Every structure is written in structure tokens, then in C-alpha cells.
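One structure is given here, and the rest of the page talks about it.
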Amino acid sequence: MRGLSAFPITPTDAEGRLLVPDLRRLILRLARAGVDGIGVLGSTGGYAYLDPGQRREVLETALDAAGRKVPVIAGVGALRSDISAALARHAADAGAAGLLLAPISYTPLTEDEVFAHFQTVADASDLPICIYNNPSTTHFTFPPALLARLAALPSVTAVKMPLPADGDIAGQIAALRADLPQGFIIGYSGDWGCPDALLNRADGWFSVAAGLWPDHTLTLSCAAGSGDRAQTDRVQARFRPMWDLFQAHGSLRVVHACARLMELTDAQPPRPILPLPDALTPSLRAAMQALDG
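Its first residue numbered 1, the sequence shown is counted upward by one per residue in the UniProt record's numbering.
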């Protein structure tokens, strides 16, 4: 879970059926690019819109396409703890390298309920678990004390953090380092701010953009991870139009639209999410062209 983890979309047709050849095509591109990890069934992968059988097929397809050469992390978040545990057992049996777990809920969860949920999944397999702290979708924010409590579970080894609202990434990372065990992996999502997180010694970048543009994102990740601020700024400038689209329209909608423009799939976002209007196509094309400098 260190370095750059690429999170691709899960292509489905209008009836929600998995487009296996398209998924294989996306995974093969990531494996060939040499990303540090591939994350399937995260928010970009639409895990909440897929049934457990589909999710097993997605993971098995990704593992086969990656050829076991690139570690594959599987999202196992679900409304019920028993379903998350069953998905974790399947991931371990199938050969996944780790798990990404978000506390999905309809009834708002208490801290004790979230801890029990993670304990159940941790008991289901020996795979390392990354805490998925994504309040924008789960509406649950992990307080520092709960992160520390979860980090005491032997298999909980990482956290995927959102960008701090106050913009103080350095301060947040320092606080997390003080609260969490030595060696605990601190990674970030929110692509536009992740290079700054890497410059401030974050361990990982969980990237939506890398799911479609692994080579460009690797260039940016390597520059930031090595502390090269000048190169990071130069590559960030090429990504800026894409980050603006991500922030204005949501990265899930944008990468679905770009994947179609790149002729990688005809998939649309899972309903009720609507595709971006055709009027944005020139902006999407311009943002993709900007990545090449």
C-alpha cells in the first residue's frame, strides 16, 4: 500500500452487468506501467453499486490480468459485517495482497460499531487492512482516537486519508505519526492534493487518475516522493485542468467520460449517476492533451 496505487473504474453496461474484457484491458495497462499497486472495488470502482458475486468476479479478473506481478488491493466495504468478512475471505483465497475497508452505513454508526466492524473483518483473514477514511461518501469521520484504537489490531496496517479541510497536510501527517504505531502506512486520496502529501512524507497515494493515466501519474508520484518540488510543480501544472474537472464534477464521472473518449470502454457510470454532458467533451479532451505537456 506504499507508493502509487492505481484505482480503475469497473466497467458495466446499462443493466449493471460487468464488462469483463474492458476491465481486463484497464488492469493490463496498469500492470504494464508498473504502478506499485492496483486497487479494485474502491469508490472509483463503484463497489457500492455491485453485488457480492460481481465483486468476486472483478477481483478474480483483476488478479488474473495483473498476472500476480502487481499487488492487488480489494475493497471489501459493505453495509453488513458478515458480507465484508465473506469478501475478505474470498480476497485472501483468491490471492489479493490487502483489503480496503470503509464503514458503509444507512443507520449512522457509532465508533464502537465501526471498531466491531473492523474487528470482524480482521478476524476473517490475515490480509493487511487499510482503513478507508472517506467521509464524503460514508458520512463517517474517523477521530484520531479511533484510528489509534484500530491500529492496535494486528492486521490493520494503513489508512487512506482525505485531504484536510484546512489544507495543513504537514500538520495532519505529523499528528497521525504521533498517534499511530511506527511503520503504520499513511496514504491519501484526493488526487489534486496528493503530490503535496508525498512531498510531506506521506507513504502512499491512492489515485483515481492513475487508473487511466498510470505513466503520467507515476511521473508525478516519483517526483513528489523523491522530494523534487520543482519537478512536482511542473507536472502538477500539466494535471491542473484535469484536477479542476475532478473537483467541479466528481472524479468518478470524469474518468468514466475520459475512458470512453480514450476508447477503452463504452461503460457509463452506474445509475443513478448520470454521465457528463456532451458540452464538456472539449474540456475533457483539452485536459487529457495537457497531460502530455
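Ideal placement from N, C-alpha and C gives every residue a C-beta, glycine not left out. Since we're looking at a predicted model, the values are computed, not measured.
With 16 other CB atoms within 10 Å as the buried threshold, where does residue i fall?
i: I38; result: buried
i: S226; result: exposed
i: P8; result: buried
i: S84; result: buried
i: H117; result: buried
i: P195; result: buried
i: A14; result: exposed
i: L212; result: buried
i: Q182; result: exposed
i: G67; result: exposed
i: G293; result: exposed
i: A165; result: exposed
i: R253; result: buried
i: residue 309; result: The first residue shown for the chain is 1 and the last is 293, placing residue 309 beyond what the model contains.
So for residue i, helix, strand or coil by DSSP?
i: I27; result: helix
i: I273; result: coil
i: S226; result: coil
i: L153; result: coil
i: T61; result: helix
i: F239; result: helix
i: I38; result: strand
i: F184; result: coil
i: Y47; result: helix
i: F246; result: helix
i: F118; result: helix
i: L18; result: strand
i: A158; result: strand
i: G293; result: coil
i: L109; result: coil
i: L100; result: strand
i: T12; result: strand
i: S207; result: strand
i: A53; result: For clarity, residue 53 is Gly in the given sequence; the question names Ala instead. In this structure, G53 counts as helix in the three-state DSSP scheme.
i: G193; result: helix
CB-CB under 6 Å to residue i, same chain, minus the five flanking residues each way: which ones, in chain order?
i: S221; result: L4 and W205
i: A158; result: M1, C130 and I185
i: P11; result: L19, D22, L23, T265 and A267
i: P62; result: Before going further, note that residue 62 is Ala rather than Pro in the sequence given. Cβ within range, chain order: I27, V40 and V72.
i: D112; result: none
i: D179; result: P144 and A148
i: T281; result: none
For residue i, which residues from the same chain have a beta carbon less than 8 Å from its beta carbon, with the 5 sequence-adjacent residues on both sides left out?
i: L170; result: Before going on, a small fix: residue 170 reads as Ala here, not Leu. For A170, where only same-chain residues beyond five positions count, the Cβ hits under 8 Å are N200.
i: L99; result: I73, A74, G75, V76, A88, A91, V121, S125, L127, P128, I129 and C130
i: P52; result: A78, I83, A86 and L87
i: P241; result: S283, A286, A287 and A290
Which stretch, first to last residue, makes up the beta strand (DSSP E) that contains residue i?
i: S5; result: G3 to A6
i: L163; result: Looking at the DSSP string, L163 is not in any beta strand (DSSP E), and its letter there is neither H nor E.
i: I173; result: Counting along the chain, I173 falls outside any beta strand (DSSP E), though it belongs to the alpha helix (DSSP H) covering I169 to D179.
i: I129; result: I129 to Y132
Leaving aside the five residues before and after residue i along the sequence, list all residues of the same chain whose C-beta is less than 7 Å from its C-beta, in chain order.
i: W192; result: W243, F246 and Q247
i: Y132; result: G77, L100, L101, A102 and K160
i: A48; result: I104
i: V156; result: F118, A122, I129, I131 and L150
i: L176; result: I186
Could you spell out where the alpha helix (DSSP H) holding residue i opens and where it closes?
i: V254; result: S251 to L261
i: A74; result: No alpha helix (DSSP H) contains A74, which is instead part of the beta strand (DSSP E) from V72 to G75.
i: L212; result: That residue, L212, is in no alpha helix (DSSP H); it is neither H nor E in DSSP.
i: S136; result: P135 to T138
i: S84; result: S81 to A94
i: A202; result: That residue, A202, is in no alpha helix (DSSP H); it is neither H nor E in DSSP.
Between residue i and chain D, is any beta-carbon pair separated by less than 8 Å?
i: V255; result: This model lacks chain D altogether; it includes just one protein chain.
Tell me whether residue i, by its Cβ, gets closer than 7 Å to a heavy atom of the ligand PLP.
i: A248; result: The ligand PLP is not part of this structure, which contains no ligands at all.
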